[in-house]
Amino acid sequence: MRKSEAITRKGKKKLFLAKVFVRLKEGVLDPQGSTIKRALEDMGYDGIEDIRTGRVFEINFSSEDRNKSKVLIDEVCKKLLANPVIEKYKFEVKQR
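Residue numbering for the sequence shown follows numbering that gives the first Met the number 0, beginning at 0 and increasing consecutively.
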């Protein structure tokens, strides 16, 4: 499938919502998470062992079908939303 073919091909389009969750891989230092953990401890919250931060993207788009939508979102994640060296991602696609 060519780049963005899932969106640009002609045909009956359906609306979809993709939720993409990006986070650091295990073993990669998370300085933002460490800072939040220390701040919570300073505020008196006990028992917090670890905090890992991440990002969530919501993408509204149209495509011919769910399978092509998944291919498109996977491509977007690999090329832009996640750094595959230090991050992992998962996503869900739902028809609207």
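All C-beta atoms, glycine included, are put in the ideal place defined by N, C-alpha and C.
Flag this pair as yes or no: are the beta carbons of residue i and residue j separated by less than 8 Å?
i                : j                : result
phenylalanine 90 : phenylalanine 60 : no
threonine 80     : valine 21        : Note that residue 80 is leucine in the sequence shown, not threonine. Yes, they are a contact pair.
lysine 13        : glutamine 94     : yes
lysine 36        : aspartate 45     : no
arginine 65      : aspartate 29     : no
Looking at C-alpha atoms only, which residue of the options is the closest neighbour of residue i?
i           : options                       : result
lysine 18   : Asp41, Lys69, Val84 and Gly26 : Lys69
tyrosine 88 : Val55, Arg95, Asp64 and Arg65 : Val55
lysine 67   : Ile85, Val92, Gly26 and Asp41 : Val92
When you compare only the Cα positions, how much space is there between residue i and residue j?
i             : j            : result
glutamate 74  : glycine 32   : 28 Å
valine 63     : lysine 11    : Per the sequence shown, the amino acid found at residue 63 is glutamate instead of valine. Glutamate 63 and lysine 11: Cα-Cα distance of roughly 6 Å.
glutamate 57  : leucine 71   : 14 Å
proline 97    : leucine 39   : Nothing about residue 97 can be reported from this structure: the residues present for the chain run from 0 to 95 only.
methionine 42 : threonine 34 : 12 Å
glutamate 86  : valine 27    : 8 Å
isoleucine 47 : glycine 53   : 17 Å
On the CB-based measure, 16 or more other CB atoms within 10 Å of its CB, does residue i come out buried or exposed?
i         : result
lysine 77 : exposed
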